[in-house]
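According to UniProt numbering, the sequence shown is numbered sequentially starting from 1.
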Amino acid sequence: MGGPRSASLAIQTLNLAPRSLYSIPTILGAVTRSVSQRSFSTTRGSNGPQNSQPKSGFNPTKSHRIALNSKDEGIAQIDGNISIEYPENDKTPQTPVIQGHGGVHFKRTLAQFSLENKVSVVTGGASGIGLAISQAIVASGSHLAIVDMNRDEAHRQAETLLQQFKIENLGCKDLPRVTAHYSDVSDPTSVNDAILDILDQQGRIDNLVTSAGFTENFSAVTYPHDRMQKLWGVVVDGTYLFTTGVAKHLIERQASGSMVVIGSMSGAIVNVPQPQAPYNAAKAAVRHLAGSLAVEWARHNIRVNCVSPGYILTALTRKILEENIEFRDKWISLIPTGKMGTPEDLMGPVVFLLSDSAKYITGADLRVDGGYTLT
Numbered sequence: 001m002g003g004p005r006s007a008s009l010a011i012q013t014l015n016l017a018p019r020s021l022y023s024i025p026t027i028l029g030a031v032t033r034s035v036s037q038r039s040f041s042t043t044r045g046s047n048g049p050q051n052s053q054p055k056s057g058f059n060p061t062k063s064h065r066i067a068l069n070s071k072d073e074g075i076a077q078i079d080g081n082i083s084i085e086y087p088e089n090d091k092t093p094q095t096p097v098i099q100g101h102g103g104v105h106f107k108r109t110l111a112q113f114s115l116e117n118k119v120s121v122v123t124g125g126a127s128g129i130g131l132a133i134s135q136a137i138v139a140s141g142s143h144l145a146i147v148d149m150n151r152d153e154a155h156r157q158a159e160t161l162l163q164q165f166k167i168e169n170l171g172c173k174d175l176p177r178v179t180a181h182y183s184d185v186s187d188p189t190s191v192n193d194a195i196l197d198i199l200d201q202q203g204r205i206d207n208l209v210t211s212a213g214f215t216e217n218f219s220a221v222t223y224p225h226d227r228m229q230k231l232w233g234v235v236v237d238g239t240y241l242f243t244t245g246v247a248k249h250l251i252e253r254q255a256s257g258s259m260v261v262i263g264s265m266s267g268a269i270v271n272v273p274q275p276q277a278p279y280n281a282a283k284a285a286v287r288h289l290a291g292s293l294a295v296e297w298a299r300h301n302i303r304v305n306c307v308s309p310g311y312i313l314t315a316l317t318r319k320i321l322e323e324n325i326e327f328r329d330k331w332i333s334l335i336p337t338g339k340m341g342t343p344e345d346l347m348g349p350v351v352f353l354l355s356d357s358a359k360y361i362t363g364a365d366l367r368v369d370g371g372y373t374l375t
């Protein structure tokens, strides 16, 4: 029934349907089709890890389309009226440790995925994506050095991760060394001091993850210059200073190493409607820096890869959503999987790239975005 003409009309009808091109102005750029009035939960089911979260008034896994105002139909634009400033350390919400990811298990997998007896460093490791990565690294057998500008939170989370390991590995006498270190990653002296402190407490460095970073939302013509310089200092300079500092150590040791820099899909696209031109440019720089360093250090057997998250629901992202309820539907966009990611979704990709399973992978940009950049 129908024939070619009916099929053609159906295609035309689909092509005329308005598509939501709005996304979320968040610290890590979180977006979803998932809208509900139910409380938020990342429960995976009775057999998977469960993570209780505070109620946020929406569910990021329920998908439906929204009706746009006529003036917004089909238009992907920046909204210069959106302005969100990154909060100070004492105003950022604490990140809970994810439950159910450590301990001995009997699932069959490759031994190459293990980070056993490695020493790994995570910048920005006391909260958000960085904390989830820190937890994954410890669960994978590595010693860990958490680097963060929030000195107290770094020490608190280091102790929390160690206690979590003890709970999940009862009777284990071979405990990981989990240490906390302060650094302003944008300052060369502070970075060098942190690396020396890590070497003093850990003895060596094998792996590095640069996760320190933030974003803010101001229109390009109103963006405060000092805040733009601060953003680039943390995201670009911080990545460069830590990767080169650790590379010097590895080259002097004549040791192999693996680095993962945390980029963003914003390094390859322009998010809408939130204005964040300096952040997009900074993440593009980080992505290309990873490739450049990968080529330069390949002869030293140092691998450098980039992981580019999409819209990730961190504790800070959730707080922003709660404070901007009126924008919730407008921040829904075209994620093929129909949901936002969580910091937990970055655990496996980063551990994979750090491990020997990825020993022939360098200079790659692994996008963890639910397919967002494909549409």
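In this text, a Cβ means the ideal position worked out from N, Cα and C, and glycines have one as well. Please read all numbers here as calculations on a predicted model, not as lab measurements.
Neighbour-count burial assignment, residue i, 16 or more Cβ in a 10 Å radius
i      : result
Ile167 : exposed
Gly310 : buried
Gln135 : buried
Gly171 : exposed
Asn117 : exposed
Gly348 : exposed
Val350 : buried
Lys173 : exposed
Pro336 : exposed
Between the CA atoms of residue j and residue i - distance to the nearest angstrom
i           : j      : result
Gly203      : Leu196 : 10 Å
residue 394 : Ile312 : Beyond the ends of the chain as shown, which are 1 and 375, falls residue 394; an answer cannot be given.
Leu289      : Lys230 : 19 Å
Asn217      : Arg227 : 11 Å
Lys107      : Glu344 : 19 Å
His225      : Asn169 : 49 Å
Pro275      : Ala76  : 12 Å
Ile24       : Gly267 : Only weak support exists for where Ile24 lies, its pLDDT of 36 falling under 50; the coordinates are left without a value.
Ile137      : His143 : 8 Å
Tyr22       : Val286 : Bear in mind that a pLDDT of 35 at Tyr22, under 50, signals an unreliable position, so the number given afterwards is only what the model happens to contain. Going from the Cα of Tyr22 to the Cα of Val286 covers about 25 Å.
Ser183      : Thr314 : 22 Å
Thr375      : Lys339 : 15 Å
Leu131      : Gln163 : 15 Å
Thr317      : Tyr240 : 26 Å
Ile146      : Phe214 : 17 Å
Arg253      : Thr373 : 40 Å
His181      : Pro188 : 15 Å
Gly45       : Val221 : Because the pLDDT at Gly45 is just 37, under 50, the model does not fix this residue reliably, and the point stays unresolved.
Ile361      : Leu110 : 17 Å
Asp193      : Tyr223 : 32 Å
Glu323      : Ile251 : 48 Å
Lys359      : Thr210 : 19 Å
Gln157      : Asp148 : 11 Å
Ser83       : Ile133 : 29 Å
Glu88       : Asn150 : 10 Å
Asn271      : Ser219 : 13 Å
Thr26       : Leu346 : Any reading at Thr26 needs caution, since the residue's pLDDT is 38, under 50, leaving its predicted position unreliable; the model's value is listed next. Approximately 17 Å between the Cα atoms of the pair.
Gly363      : Ala255 : 19 Å
Phe352      : Ala139 : 13 Å
Asp200      : Ser292 : 30 Å
Cys306      : Phe165 : 28 Å
Asp152      : Ala284 : 31 Å
Leu175      : Ala294 : 32 Å
Ile198      : Val191 : 11 Å
Residue from the options with nearest C-alpha to residue i
i      : options                           : result
Ser127 : Asn301, Ala154 and Ile335         : Ala154
Ala212 : Pro224, Gly233, Asp206 and Thr375 : Gly233
Ser264 : Asp193, Ser83 and Tyr279          : Tyr279
Arg367 : Gly338, Leu316 and Ser308         : Ser308
Leu334 : Gly371, Asn117, Ser120 and Ala298 : Gly371
Gly80  : Pro273, His249, Ala111 and Thr373 : Pro273
Met259 : His300, Phe165 and Asn150         : His300
Leu354 : Ile78, Val261, Leu321 and Glu322  : Val261
Asp365 : Val304, Ala281 and Ser83          : Val304
Gly257 : Gln112, Ala298 and Ser83          : Ala298
Thr160 : Ala277, Gly125 and Val191         : Gly125
Glu85  : Lys173, Ile320, Gly291 and Asp200 : Ile320
Glu296 : Ala282, Ala281, Thr244 and Asn271 : Thr244
Ala282 : Leu293, Ile269 and Ile198         : Ile269
Ile78  : Pro176, Ala277 and Ala294         : Ala277
Beta carbon of residue i nearer than 7 Å to that of residue j
i      : j      : result
Val178 : Gly238 : no
Val235 : Leu208 : no
Phe242 : Thr123 : yes
Ser114 : Gly141 : yes
Ile205 : His249 : yes
Gln112 : Asp369 : no
Residues that DSSP places opposite residue i in a beta bridge
i      : result
Pro343 : Looking at the DSSP assignment, Pro343 forms no beta bridge with any residue, so it has no partner.
Gly257 : Ile302
Pro309 : Val368
Tyr182 : Asp148
Val351 : In DSSP, Val351 forms no bridge with anything.
Thr123 : Val147 and Thr210
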